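Each residue of the sequence shown is one higher than the one before, counting from 37 in the working numbering.
The beta carbon of each residue, even a glycine, is placed where N, CA and C say it ideally should be.
Since the model is a prediction, treat every value here as computed from it, not as a measurement.
This report refers to the structure that appears directly beneath it.
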Amino acid sequence: MRLSFICIIFIGLFLSCSETKHEQELAQVVKEGLSFSLEQYNLMAQSLPDSTRFPRTTNTDDGNLITSGSGWWGSGFFPGSLWYLYQYSGDQNVLVEAMKRTAPLEVEKLNTGTHDLGFILYNSFGNGYRLTGNPLYRDILIDGAKSLISRYNDTVGCIRSWDHGDWSFPVIVDNMMNLEYLFWAFHATGDSTFYNIAVSHTEKTIQNHYRSDWSSYHVVDYDPSTGEVIKKQTAQGAFDESAWSRGQAWGLYGFTVLYRETGNKKYLEVADNIANFILNHPNMPQDMIPYWDFNASEIPDAKRDVSAAAIISSALLELQKYVNIEKSGKYLNAAEKIIRSLSSPAYRAKTGKNNNFILMHSVGSLPANSEVDVPLSYADYYYIESLMRFREILGKD
Numbered sequence: 037m038r039l040s041f042i043c044i045i046f047i048g049l050f051l052s053c054s055e056t057k058h059e060q061e062l063a064q065v066v067k068e069g070l071s072f073s074l075e076q077y078n079l080m081a082q083s084l085p086d087s088t089r090f091p092r093t094t095n096t097d098d099g100n101l102i103t104s105g106s107g108w109w110g111s112g113f114f115p116g117s118l119w120y121l122y123q124y125s126g127d128q129n130v131l132v133e134a135m136k137r138t139a140p141l142e143v144e145k146l147n148t149g150t151h152d153l154g155f156i157l158y159n160s161f162g163n164g165y166r167l168t169g170n171p172l173y174r175d176i177l178i179d180g181a182k183s184l185i186s187r188y189n190d191t192v193g194c195i196r197s198w199d200h201g202d203w204s205f206p207v208i209v210d211n212m213m214n215l216e217y218l219f220w221a222f223h224a225t226g227d228s229t230f231y232n233i234a235v236s237h238t239e240k241t242i243q244n245h246y247r248s249d250w251s252s253y254h255v256v257d258y259d260p261s262t263g264e265v266i267k268k269q270t271a272q273g274a275f276d277e278s279a280w281s282r283g284q285a286w287g288l289y290g291f292t293v294l295y296r297e298t299g300n301k302k303y304l305e306v307a308d309n310i311a312n313f314i315l316n317h318p319n320m321p322q323d324m325i326p327y328w329d330f331n332a333s334e335i336p337d338a339k340r341d342v343s344a345a346a347i348i349s350s351a352l353l354e355l356q357k358y359v360n361i362e363k364s365g366k367y368l369n370a371a372e373k374i375i376r377s378l379s380s381p382a383y384r385a386k387t388g389k390n391n392n393f394i395l396m397h398s399v400g401s402l403p404a405n406s407e408v409d410v411p412l413s414y415a416d417y418y419y420i421e422s423l424m425r426f427r428e429i430l431g432k433d
């Protein structure tokens with residue numbers, strides 16, 4: 037079963053169903069990457085004894101670690117990474133650490149002021165529940181999902197993203213990433229409200245966020261009283277009509293999940309179209325680590341965004357399961373190129389360096405001069421997730 041599966045998904049890469057040299061080399065990259073991540077995050081935990089603080093990035097002025105409280109949209113990534121590393125290692129000390137780092141996030145289950153509860157709660161408690169079955173985690177997750185859907189506007193048909201700025205009802209493409217949480221809540225409770233809201237939000241995103249070439253705007257602002265589009269923007273990208281790299285990655289990942297959860301082939305087609313836009317873009321570098329924006333004026337000297345690359349890799353590793361053999365091979369090959377690049381000294385830190393983050397050279401928001409060319413906890417999370425997905429494909433679990 038395992039050998040035939042490998043033979044199918046790696047067609048064009050392997051000449052037979054036996055464990056080839058290529059497969060052995062890739063397995064070594066994956067093993068080494070996970071072992072390094074485990075070592076680095078053990079050091080991170082030791083350097084951050086206060087479990088109510090979450091590693092975020094590095095201060096570009098003094099090089100010191102920047103942390104966040106539980107309310108930061110990315111607070112769930114460090115605990116989520118620890119859960120993956122526990123799954124990989126089986127180390128009870130990592131389990132204890134994951135539980136300790138997850139617990140302070142419980143307060144966010146009643147936070148109705150953010151659309152990012154998927155990132156905060158599902159990455160942490162969700163992975164914890166998947167691995168332990170802890171009923172407390174289930175209850176926390178259900179409460180958080182109810183808080184998330186409180187931001188839904190039936191007239192607009194979407195979950196509101198931001199409460200700041202001059203927008204009336206802003207919806208960002210990033211919000212596609214929080215819909216997986218709602219599908220989990222639907223399965224856990226049987227309440228179709230979660231499912232229906234996720235699907236409605238998805239339909240509106242297809243209708244209004246995507247251009248004819250399957251690139252995406254970052255922000256669509258709606259009139260909450262009529263549901264009409266007011267304007268379309270790209271707040272963290274180079275300009276409104278540009279293709280902000282992480283935004284394209286969020287969409288690819290989100291629509292892949294939507295197909296998994298609904299079986300609606302329209303969503304698979306959208307994911308496939310987004311993948312083609314990304315992988316075939318003339319400004320995609322040879323090492324497959326995209327510039328912070330595919331249309332950045334300073335290309336080829338533009339900053340790279342490792343976080344976008346890690347998200348794309350993880351998304352492609354799921355998407356390849358749902359497409360034909362030819363596309364599957366193409367997506368696996370692209371994901372492998374990305375993971376090999378991310379695992380190289382050009383992008384991955386040395387042990388004990390980089391404030392114990394795993395990857396270097398991500399970009400948060402270049403227009404705001406925020407988190408530019410620094411490590412970011414969410415880049416690490418999707419790198420680890422990609423490695424775990426490769427490990428599963430290779431039959432190493």
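Coarse secondary structure for residue i, derived from DSSP in three states
i, result
"residue 131", "helix"
"residue 51", "In this prediction, residue 51 scores a pLDDT of 40, lower than 50, which makes its location untrustworthy; the coordinate-derived value is nonetheless stated afterwards. Three-state result, residue 51: coil."
"residue 205", "coil"
"residue 400", "strand"
"residue 178", "helix"
"residue 106", "coil"
"residue 394", "coil"
"residue 358", "coil"
"residue 190", "coil"
"residue 115", "helix"
"residue 441", "In this structure the chain extends from 37 to 433, so residue 441 is not present and cannot be described."
"residue 469", "Here the chain has residues from 37 to 433 only, and residue 469 is not among them."
"residue 379", "coil"
"residue 89", "coil"
"residue 244", "helix"
"residue 238", "helix"
"residue 430", "coil"
"residue 196", "coil"
"residue 98", "coil"
"residue 10", "Since the first residue of the chain shown is 37 and the last is 433, residue 10 is not available in this structure."
"residue 38", "Bear in mind that a pLDDT of 47 at residue 38, under 50, signals an unreliable position, so the model cannot answer this."
Selection from the options that minimises the alpha carbon distance to residue i
i, options, result
"residue 375", "62, 57 and 56", "62"
"residue 318", "279, 358, 302 and 201", "279"
"residue 101", "407, 426, 132 and 191", "407"
"residue 373", "413, 358, 263 and 326", "326"
"residue 249", "191, 364, 308 and 377", "308"
"residue 382", "323, 366 and 424", "323"
"residue 207", "85, 167 and 269", "269"
"residue 128", "83, 78 and 145", "78"
"residue 288", "71, 57, 244 and 303", "303"
"residue 99", "390, 429 and 80", "390"
"residue 233", "266, 245, 200 and 193", "193"
"residue 352", "364, 149 and 247", "364"
"residue 392", "65, 67 and 80", "80"
"residue 265", "247, 273, 240 and 274", "240"
"residue 211", "227, 89, 235 and 226", "235"
"residue 305", "335, 151 and 358", "358"
"residue 151", "425, 301, 57 and 189", "189"
"residue 293", "68, 167, 340 and 231", "231"
"residue 424", "65, 85, 56 and 57", "65"
"residue 378", "58, 68 and 56", "68"
"residue 209", "273, 158 and 228", "273"
CB of residue i within 8 Å of CB of residue j, strictly
i, j, result
"residue 355", "residue 311", "yes"
"residue 299", "residue 252", "no"
"residue 141", "residue 112", "yes"
"residue 214", "residue 153", "yes"
"residue 155", "residue 198", "no"
"residue 261", "residue 350", "no"
"residue 96", "residue 410", "yes"
"residue 137", "residue 87", "yes"
"residue 224", "residue 174", "yes"
"residue 73", "residue 394", "yes"
"residue 271", "residue 217", "no"
"residue 221", "residue 281", "no"
"residue 285", "residue 242", "no"
"residue 144", "residue 107", "yes"
"residue 370", "residue 430", "no"
Residue i beta carbon near the ligand GDP (any heavy atom closer than 7 Å)
i, result
"residue 333", "The model depicted lacks the ligand GDP and carries no ligand whatsoever."
Can you give, in chain order, each stretch of the beta strand (DSSP E) that sits fully within the segment 256-340 and has at least 3 residues?
-> Counting only runs of 3 or more, we get 265-269.
The segment 322-333 in contact with the segment 253-261 per 3-pair CB rule at 8 Å = Three or more Cβ pairs closer than 8 Å define a contact, and the segment 322-333 falls short of that threshold against the segment 253-261.
Could you tell me whether the segment 157-167 touches the segment 106-120, using the rule of 3 or more Cβ pairs below 8 Å?
-> Two segments are said to touch when three or more pairs of C-beta atoms, one from each, lie closer than 8 Å; by this definition the segment 157-167 touches the segment 106-120.
Does the segment 388-401 come within contact of the segment 415-426, defined as at least 3 CB pairs closer than 8 Å?
-> Segments in contact, yes.
Count the CB pairs spanning the segment 117-132 and the segment 185-201 that are closer than 8 Å, and state whether there are at least three.
-> No, the segment 117-132 does not touch the segment 185-201.
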